[in-house]
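Reading the sequence shown from the start, the letters are residues 246 to 634 in our numbering. A virtual CB, placed ideally from N, CA and C, is assigned to each residue, including glycine. As the structure is a prediction and not an experimental result, all values here were calculated from the model.
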Amino acid sequence: MTIEDFLDRHRDELSAIRHDLHQHPEMLFEEVRTAAIVARELERLGFRVATGVARTGVVGTLSCGDGGRSIGIRADMDALPIHETTNLPYASRYPGKMHACGHDGHTTMLLGLARYLSETRAFNGTVHLIFQPSEEDEGGALRMIEDGLFKRFPCDAVFALHNIPGLATGQVVVRPGPITAAVDIVGVTIRGIGGHGAVPHKAADPIVAASGLVIALQTIVSRNIDPHDPAVVTVGAINAGSLATVIPGDAKLLIGVRTCTKPVRELILGRIEEMARSQARSYGCEAEVKLGDGSWSYPAGANTAAEAQLVHDVAIEMGQDPAKIDMRGPFMFSEDFAYMQEHVPSCYFGLGNGDSRMLHDAGYDFNDELLIKGPAFWARLVEKALPQT
Numbered sequence: 246m247t248i249e250d251f252l253d254r255h256r257d258e259l260s261a262i263r264h265d266l267h268q269h270p271e272m273l274f275e276e277v278r279t280a281a282i283v284a285r286e287l288e289r290l291g292f293r294v295a296t297g298v299a300r301t302g303v304v305g306t307l308s309c310g311d312g313g314r315s316i317g318i319r320a321d322m323d324a325l326p327i328h329e330t331t332n333l334p335y336a337s338r339y340p341g342k343m344h345a346c347g348h349d350g351h352t353t354m355l356l357g358l359a360r361y362l363s364e365t366r367a368f369n370g371t372v373h374l375i376f377q378p379s380e381e382d383e384g385g386a387l388r389m390i391e392d393g394l395f396k397r398f399p400c401d402a403v404f405a406l407h408n409i410p411g412l413a414t415g416q417v418v419v420r421p422g423p424i425t426a427a428v429d430i431v432g433v434t435i436r437g438i439g440g441h442g443a444v445p446h447k448a449a450d451p452i453v454a455a456s457g458l459v460i461a462l463q464t465i466v467s468r469n470i471d472p473h474d475p476a477v478v479t480v481g482a483i484n485a486g487s488l489a490t491v492i493p494g495d496a497k498l499l500i501g502v503r504t505c506t507k508p509v510r511e512l513i514l515g516r517i518e519e520m521a522r523s524q525a526r527s528y529g530c531e532a533e534v535k536l537g538d539g540s541w542s543y544p545a546g547a548n549t550a551a552e553a554q555l556v557h558d559v560a561i562e563m564g565q566d567p568a569k570i571d572m573r574g575p576f577m578f579s580e581d582f583a584y585m586q587e588h589v590p591s592c593y594f595g596l597g598n599g600d601s602r603m604l605h606d607a608g609y610d611f612n613d614e615l616l617i618k619g620p621a622f623w624a625r626l627v628e629k630a631l632p633q634t
């Protein structure tokens, strides 16, 4: 019996788990119900289970043979503050919350792997299944590390994946080196002098200064960064004033920055501050620049060569085309798995979700075919990373 045959026997049960999680999305360290379902399933399968890791995190451990080498496999559990519009029979029951990034599927795939490992035990070593809270914000991965994740559950390597809409169902994509972007949120407040719209010469207009800054920021990536280094600078919000006849006293901008190396990150953040202050001064205003501005900043993630090669080799063994596996550049989204990558040899990779709506879209849904293909990949990776003698 193949791994896929084994998992296909559990298809209906895994789909039911995934749909239940989808109906009950939980956010930002609120994953109490989700964690309870995970812990109960792991305990039923004979895993050693630790709960309350970084409040709602769960770790399930299974050892076979001498238990010498150990690996970790991470799945994120949290949902997003988005109102679902799919009209699916298992759509979110909670207004304003949904699994718009597929973490319900990531969690269920790992539970599918747990079922396979529990029954077959065809590996030699220790597997830690890491169910992480709060990936979308507030750095659940970092909180788990601070709560002793790798001290309590030592790993020689750790792995994670994300479903990728628009990529063929089950297709693996991976690369060594940079794999996810750092994300920084920069808040800029331009302070001018408010006044009556009829006498603009007696005011210092922060809206005009903000407009100049928006245009200037577009030159950072195109003129300051090597074209071979991926980077994105996005002005996502501008807020100023409320009346057509009044010049406001200040204007606020929120700027998103995505980079893949520390030097590029530092250069861009430095240029934003320089430009904000100089543009404001040129219009008779002042600028206050604040990194973070109430949001988390995640570092760039990088895959170690051996672990990326392992993922690549498993994909090849599953019959995938090498030309389709190799990524030319990193993902430009960010991931707090990068914190784990700073501590342990690791690999993060993509798994195709097929022709679906994009991540963070109110109409998105996870592809249930991955409830077979995902655990099957994880199972082969475990058996290859921890081979029986």
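Mind checking residue i: buried by the 16 CB within 10 Å criterion, or exposed?
i, result
"Pro-334", "exposed"
"Lys-535", "exposed"
"Glu-552", "buried"
"Ala-386", "buried"
"Gly-546", "buried"
"Ser-527", "exposed"
"Val-444", "exposed"
"Lys-670", "This structure leaves residue 670 out entirely; the chain is present only between 246 and 634."
"Ala-281", "exposed"
"Asn-332", "exposed"
"Arg-503", "buried"
"Glu-511", "exposed"
"Asp-495", "buried"
"Met-389", "buried"
"Asp-450", "buried"
"Thr-247", "exposed"
"Asn-408", "buried"
"Arg-338", "exposed"
Rounding to the nearest angstrom, what Cα-Cα distance links residue i and residue j in this structure?
i, j, result
"Arg-625", "Lys-507", "34 Å"
"Ala-607", "Pro-270", "13 Å"
"Glu-329", "Phe-274", "20 Å"
"Val-480", "Gln-524", "15 Å"
"Gly-411", "Asn-598", "7 Å"
"Thr-305", "Val-627", "A small fix is needed here, since residue 305 is Gly in this sequence, not Thr. Distance between the alpha carbons of Gly-305 and Val-627: 15 Å."
"Ile-470", "Tyr-584", "25 Å"
"Asp-203", "Phe-395", "Absent from the structure is residue 203, since the part of the chain shown begins at 246 and ends at 634."
"Cys-592", "Asp-392", "22 Å"
"Lys-618", "Asn-612", "10 Å"
"Leu-287", "Val-589", "24 Å"
"Cys-554", "Leu-362", "Before going further, note that residue 554 is Gln rather than Cys in the sequence given. Spanning the two alpha carbons is a distance of roughly 23 Å."
"Ala-207", "Phe-292", "In this structure the chain extends from 246 to 634, so residue 207 is not present and cannot be described."
"Arg-256", "Thr-414", "16 Å"
"Asn-548", "Phe-404", "9 Å"
"His-557", "Ala-489", "58 Å"
"Thr-464", "Gly-457", "12 Å"
"Ile-492", "Pro-326", "34 Å"
"His-348", "Glu-380", "9 Å"
"Asp-253", "Ser-315", "27 Å"
"Thr-276", "Val-453", "The residue asked about is misnamed: residue 276 is Glu in this sequence, not Thr. One C-alpha to the other measures close to 44 Å."
"Gly-564", "Phe-622", "11 Å"
"Arg-360", "Leu-290", "7 Å"
"Arg-278", "Glu-249", "29 Å"
"Pro-620", "Leu-259", "11 Å"
What are the boundary residues of the alpha helix (DSSP H) that residue i is part of?
i, result
"Tyr-361", "348–365"
"His-264", "256–268"
"Arg-388", "385–391"
"Phe-376", "It is not in any alpha helix (DSSP H) - Phe-376 instead sits in the beta strand (DSSP E) that spans 370–377."
"Phe-395", "394–397"
"Ile-570", "567–570"
"Leu-458", "451–469"
"Leu-626", "615–630"
"Ala-583", "582–586"
Starting from the C-beta of residue i, find all residues in its chain whose C-beta is less than 8 Å away, skip the five residues before and the five after it, and write them out in chain order.
i, result
"Ala-482", "Lys-497, Leu-498, Leu-499"
"Arg-602", "Pro-410, Gly-608, Tyr-609, Asp-610"
"Thr-634", "Gly-310, Asn-369"
Give me, in chain order, the residues of the same chain whose beta-carbon lies closer than 7 Å to that of residue i; leave out the 5 immediate sequence neighbours on both sides.
i, result
"Phe-578", "Thr-425, Ala-426"
"Glu-531", "Arg-436, Ala-525"
"Gly-312", "Gly-370, Thr-371"
"Ala-284", "Val-294, Thr-296, Val-303"
"Phe-594", "Leu-406, Val-417, Val-418, Val-419, Val-556"
"Gly-574", "Pro-475"
Which stretch, first to last residue, makes up the beta strand (DSSP E) that contains residue i?
i, result
"Ala-427", "427–436"
"Tyr-593", "591–597"
"Leu-307", "302–309"
"Thr-279", "Not the beta strand (DSSP E): Thr-279 falls in the alpha helix (DSSP H), residues 277–289."
"Ile-318", "315–321"
"Phe-404", "402–409"
"Arg-293", "293–298"
Any chance the CB of residue i is under 7 Å from a heavy atom of the ligand SAH?
i, result
"Cys-530", "Questions concerning the ligand SAH fall outside what the structure shown contains, since it holds no ligand whatsoever."
Suppose the cutoff is 6 Å on Cβ atoms and the five residues either side in sequence are ignored; what does the same chain contact list for residue i look like?
i, result
"Ala-232", "Only positions 246 to 634 of the chain appear in this structure, which leaves residue 232 out of reach."
"His-267", "Tyr-335, His-344, Asp-349"
"Phe-398", "Val-304, His-373"
- prompt: Which ranges does the beta strand (DSSP E) cover as unbroken runs of at least 3 residues, wholly within the region 480–563, from first to last along the chain?
  reply: 495–504, 531–536, 546–548
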